[in-house]
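Comments concern the structure below.
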Amino acid sequence: MKLEITKKENCIEAKLIGRLDTLASSQFAIDMEPLLDTANEHIVLDCSALEFISSSGLRLLLMLRKKSIAMGGEVSISGVSEQVKQVFTITGFYSLFNFI
Amino acid sequence: MIKNHVKQRIKRIAGSLNLREVLNIAIAVMFIGGIVFTFGFGACIYLVRQEFTSEANRILERDLSNLHYQIDEQLLKVENQALACATRNFGTITLLRDGKRFIEVSSWDDLPKTEESCIKLLSSIMDDNPVLSGAVIAYENLNLAAYGNRFLGEYQFSRLDKIYDYHHKEWYSEPFKHGHDYWSNPFRESSFNKVIACYNIPMYFPDGKKIGVLTVDLDTEEFTKMCASVTPYPGIHVLIADRDMNFISHSDSNLILSDSEDGIYSLSSRDSLKKIFMNQTTRHTIYREEDGDAFFIHFTSIDRSEWNIAIVCPYDSIFGGITRMKKHITIISFISILFMLLCLYFLFSRLKNATISHVAYESELSIAAQIQQDMLPNGYPAFKNQPGIDICGSLKPAKSIGGDLYDYVIRENKLFFTIGDVSGKGVPAALHMAMIRSLFRNITQRISNPSKIVSKLNLSLLEANEQNMFCTIFIGVLDLSTGELEYCNAGHNCVYLSKLKDGNRQVDPLECHTNIAIGVLDDFEFKNNHIRLNTGDSLILYTDGVTEAENKENLYFGEKRLKETLVLMEKRGIENAKEYVETLNALVEDFEEGTIQSDDVTLLVLRLNSLGEYLSFENNLNELPKLTAWVEKVAKKENLSEDKKFQLNLILDEIAANIIEHAYHDGENKDIEISCFNQNNNLLITIKDSGEPFDPTKAPNPDVTLSAEERKIGGLGILLVREYTREIKYLREGEYNIQTLLFEK
């Protein structure tokens with residue numbers, strides 16, 4: 582699992598690459614700390630390369646979303662595969678994020 | 002594990018053996034028996050007494066009439082001799098109408114008128130008649146009465162007229178009074194102390210003028226002898242009394258012609274005798290004395306001399322035997338009844354104890370048998386979460402508990418199975434069987450090489466084996482993911498393999514190294530065999546109880562018949578291992594035709610339905626990539642779509658993570674085992690862990706409608722698992738959590 586954070590003009594783009602499974606989540610939690618610091622901004626999570634996500638991954642995204650709301654930012658998700666999207670739908674997370 | 006029916010049986014038998022009740026019944030039976038016996042016995046005694054009485058009467062009557070006849074004849078003889086003497090010397094006999102007689106003398110000259118002639122006459126009378134003890138001739142007017150008697154062969158003569166006035170004596174006066182011959186009452190001749198009876202004949206001239214009396218004497222001692230010879234019964238008394246009831250003959254000689262009223266019987270009383278003898282109608286009677294003694298009395302009288310003869314027989318002489326017998330029988334019966342009571346008491350108390358201890362022993366045996374049965378795996382299907390393997394065993398013990406065993410256990414992806422036969426039967430064999438079975442369970446936790454398992458068992462069995470018990474055993478280890486079977490046959494019967502070959506079922510014995518039975522040699526090197534099983538293959542294991550099952554003709558079931566039976570069964574088609582075992586058992590039973598099973602009959606059948614995928618990893622998140630790789634493998638094998646693969650991965654990741662993160666607290670390394678089988682085009686996935694009990698099916702779903710601020714972390718994993726599986730089941734088995742998922746392909 583890799584996380585690539587790129588500062589763009591109107592947003593911060595974070596690309597999730599690989600599997601965000603339970604094992605990867607602990608590393609991802611550390612990797613995403615810079616994102617949390619910039620939670621007042623518009624963060625776009627590029628999930629086009631996200632192969633897999635487990636509930637622990639979802640929890641981290643929820644954490645980011647909560648911080649973003651608290652700091653007046655926004656979190657959008659782009660390029661999710663059907664499989665990952667389904668996970669969001671089942672868990673009710675789909676309505677919590679702005680899917681683009 | 003005492004089964005209820007065993008308890009009830011003990012209670013029922015013990016309850017039905019209430020000693021008091023049994024004793025009561027026994028006493029009642031004996032009491033009734035006693036009454037019946039007493040009545041029967043009494044009736045018998047009565048009948049016997051009747052019989053004895055009539056017999057006694059008959060005998061007494063016979064003896065009395067004999068005696069009567071003898072005495073009467075003797076008296077008649079004396080009479081005739083006297084009369085003959087008179088007619089020979091001086092007169093003729095005149096017979097009266099009633100048989101009485103007197104002597105008529107026509108000429109005075111014919112008579113002896115001097116003392117000398119008298120003595121001469123008397124001598125000649127006595128000479129002629131030895132029975133006579135004496136004779137007298139006495140004249141009315143001549144004042145001459147000569148008396149001659151014989152004592153010790155010497156004649157003595159005396160002149161009675163010189164002793165007393167004989168005219169008034171009974172012997173002289175009575176004959177004239179009656180006008181014919183007359184037996185005067187006997188008297189005691191004092192000179193030689195004899196009781197003499199006198200027969201007196203009056204002599205008349207033709208004109209009726211009195212001449213005198215001719216008398217002959219008779220010693221009555223002869224009658225006493227006759228009386229004494231009457232002895233039909235002991236203690237019998239025969240007595241003769243004259244017309245005045247003076248005893249002429251009596252067993253107590255003191256009473257003869259005595260006035261004494263004392264005697265051995267009060268029958269000596271003249272009055273009572275008179276009373277008895279007066280009763281001339283019955284001629285026999287029963288006389289009871291005041292002190293209770295009773296006598297049979299038979300009596301008669303001799304008309305000639307007006308004597309009375311009586312036979313007096315004490316009751317005791319007749320019934321003494323019966324009375325004694327009655328007494329003895331009563332005592333013997335009483336003792337017998339007491340003895341029987343004692344015997345009954347001991348018998349029943351023994352019986353009760355014996356039965357109770359027997360019942361206890363039997364129930365213990367049946368409990369032991371139950372424990373033994375409980376030791377054997379008996380659930381079916383044996384492994385609900387392992388549809389790939391279908392296994393079933395049965396053990397029918399010959400003597401409630403036996404020495405056969407079978408067992409199977411799955412550890413990770415391996416099925417360990419065994420069948421064995423401990424030598425001998427009963428408790429010792431069962432104990433060894435239990436030991437081997439628990440060793441099998443123990444050893445297979447660490448060792449998965451069959452020959453090594455057998456070696457370990459061998460050494461353990463040799464360690465504590467003073468009984469020289471040995472055991473034939475077959476141990477197989479089947480890899481459920483590959484079908485690879487390693488096995489070691491230690492002296493056990495061959496094992497049959499049924500497999501599909503060219504579209505046909507073929508049954509063949511498994512090839513086996515010839516290993517020795519365990520418990521014999523400690524350094525024997527056991528060798529494994531190897532074969533690969535295909536799905537659909539079956540293994541049929543059995544003990545010699547099957548092949549040595551006997552029928553009524555003493556024929557064995559045998560290997561050949563077994564193989565033929567298996568082929569036939571395979572042809573007909575067998576649904577599963579359980580049906581296999583049941584059908585084979587039924588066929589063996591049919592063969593036995595109800596003969597008593599001589600050995601344990603044990604069967605173990607396993608069939609490989611499908612190969613499963615197995616994974617075992619430690620409770621560490623770093624192990625999860627193994628799980629991902631395994632899912633990859635399963636997906637490839639089962640041709641899962643990407644979506645399905647994703648879902649399966651997600652489910653297992655969530656479950657495994659949940660277990661790793663929450664189930665363990667002590668930081669120990671534990672294995673989590675996962676297996677996967679294709680079951681009717683679904684995947685049956687089993688996850689087994691040894692963590693804290695946790696039932697995921699009971700966990701609540703999170704509220705997915707809440708806003709981001711309100712949402713809590715947690716519960717999402719379970720939600721996803723529920724969403725992606727068709728069915729989740731949870732089971733706590735011993736120290737294991739077992740989750741079973743049905744995943745749609």
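Those protein sequences? They're chains F and U, same order as listed. Residue numbering for the first sequence follows the working numbering, beginning at 582 and increasing consecutively. Residue numbering for the second sequence follows the working numbering, beginning at 2 and increasing consecutively. Glycine residues also receive a C-beta, built at the ideal position from the N, C-alpha and C atoms.
Legend entry - Residue interval of the alpha helix (DSSP H) (run including Q664 (chain F)): 663-672
Legend entry - Three-state class that DSSP yields for A630 (chain F) in the structure shown: coil
Inset, instruction - Find out if the Cβ-Cβ distance for the pair S134 (chain U), D218 (chain U) is shorter than 9 Å. - result: yes
Inset, instruction - Can you give me, in chain order, the residues of the segment 617-648 of chain F that have a beta carbon less than 7 Å from any beta carbon in chain U? - result: F633, S635, S636, S637, L639, R640, L643, R646, K647
Inset, instruction - Determine, using beta carbons only, whether S306 (chain U) and D243 (chain U) come nearer to each other than 9 Å. - result: yes
Legend entry - Residues bridged to R600 (chain F) [DSSP beta-bridge criterion]: F:F633
Legend entry - Proximity winner among U:S449, U:S599, U:L416, U:N494, relative to G613 (chain U) (alpha-carbon distances): U:L416
Inset, instruction - Can you grab the Cα-Cα spacing for the pair M652 (chain F) / H623 (chain F), in whole Å? - result: 11 Å
Legend entry - Cβ neighbour criterion (16 or more within 10 Å) applied to C344 (chain U): exposed
Legend entry - is_contact[I598 (chain F), chain U] using C-beta, thresh 9 Å: no
Inset, instruction - Could you tell me whether any Cβ in chain U is nearer than 9 Å to the Cβ of S607 (chain F)? - result: yes
Inset, instruction - Taking 9 Å as the cut-off, decide whether the C-beta atoms of G236 (chain U) and P315 (chain U) are in contact. - result: yes
Inset, instruction - Determine which residues of the segment 720-732 of chain U have a Cβ less than 7 Å from any Cβ of chain F, and write them out in chain order. - result: L720, L721, E724
Legend entry - Partners in chain F for F647 (chain U), counting only beta-carbon separations shorter than 7 Å: F633, Q664
Legend entry - CB contact flag (I598 (chain F), M582 (chain F), <9 Å): yes
Legend entry - Touch test, the segment 348-365 of chain U against the segment 568-588 of chain U, Cβ-Cβ under 8 Å, three pairs minimum: no
Inset, instruction - Name the residue from U:P429, U:T331, U:K385 whose alpha carbon lies nearest to the alpha carbon of L366 (chain U). - result: U:P429
Inset, instruction - Kindly examine the ligand SAH and report whether one of its heavy atoms sits closer than 8 Å to the Cβ of G735 (chain U). - result: What this structure holds is no ligand at all, so the ligand SAH is not there to describe.
Inset, instruction - For the segment 179-263 of chain U, list the alpha helix (DSSP H) runs that are entirely contained and at least 4 residues long, ordered along the chain. - result: 222-229
Legend entry - Per-residue burial, V606 (chain U) [other beta carbons within 10 Å of its own, 16 or more giving buried]: buried
Inset, instruction - Can you check the segment 503-546 of chain U for any beta strand (DSSP E) of at least 3 residues that lies completely inside it and give the ranges in chain order? - result: 505-510, 530-533, 539-543
Legend entry - Beta-carbon gap between Q139 (chain U) and Y183 (chain U) smaller than 9 Å: Note that residue 139 (chain U) corresponds to Ala in the displayed sequence, not to Gln. Result no, Cβ atoms of A139 (chain U) and Y183 (chain U) do not sit closer than 9 Å.
Legend entry - Alpha carbon of T584 (chain U) to alpha carbon of S637 (chain F), nearest angstrom: 54 Å
Legend entry - Residue-level contact to chain U via CB, T587 (chain F), 9 Å cutoff: no
Legend entry - Proximal residues of chain F, C-beta to C-beta of T706 (chain U) below 9 Å: G673, S676
Legend entry - E554 (chain U), buried or exposed, once every other Cβ within 10 Å from all chains shown has been counted against 16: exposed
Inset, instruction - State the start and end residues of the unbroken alpha helix (DSSP H) segment that holds I104 (chain U). - result: It is not in any alpha helix (DSSP H) - I104 (chain U) instead sits in the beta strand (DSSP E) that spans 102-105.
Inset, instruction - Report buried or exposed for N309 (chain U), applying the criterion of at least 16 other Cβ atoms within 10 angstroms of its Cβ. - result: buried
Legend entry - Proximity of I420 (chain U) and Y543 (chain U) at Cβ, strictly below 9 Å: yes
Legend entry - Burial state of V30 (chain U) (16 or more Cβ within 10 Å): exposed
Inset, instruction - Confirm, please, whether the CB-CB distance from D538 (chain U) to S499 (chain U) is below 9 Å. - result: yes
Legend entry - N220 (chain U) versus E74 (chain U) - alpha carbon distance: A small correction: the amino acid at residue 220 (chain U) is Asp; Asn does not occupy that position in the sequence shown. Distance between the alpha carbons of D220 (chain U) and E74 (chain U) is about 15 Å.
Inset, instruction - Please check if any C-beta of chain F sits within less than 9 Å of the C-beta of T603 (chain U). - result: no
Inset, instruction - Could you spell out where the beta strand (DSSP E) holding L96 (chain U) opens and where it closes? - result: 93-96
Legend entry - Cut-off 8 Å between Cβ atoms - residues of its own chain near E175 (chain U), not counting five sequence neighbours on either side: Y183, S185, N201
Legend entry - Exposed unless 16 or more other CB atoms sit within 10 angstroms - verdict on H299 (chain U): buried
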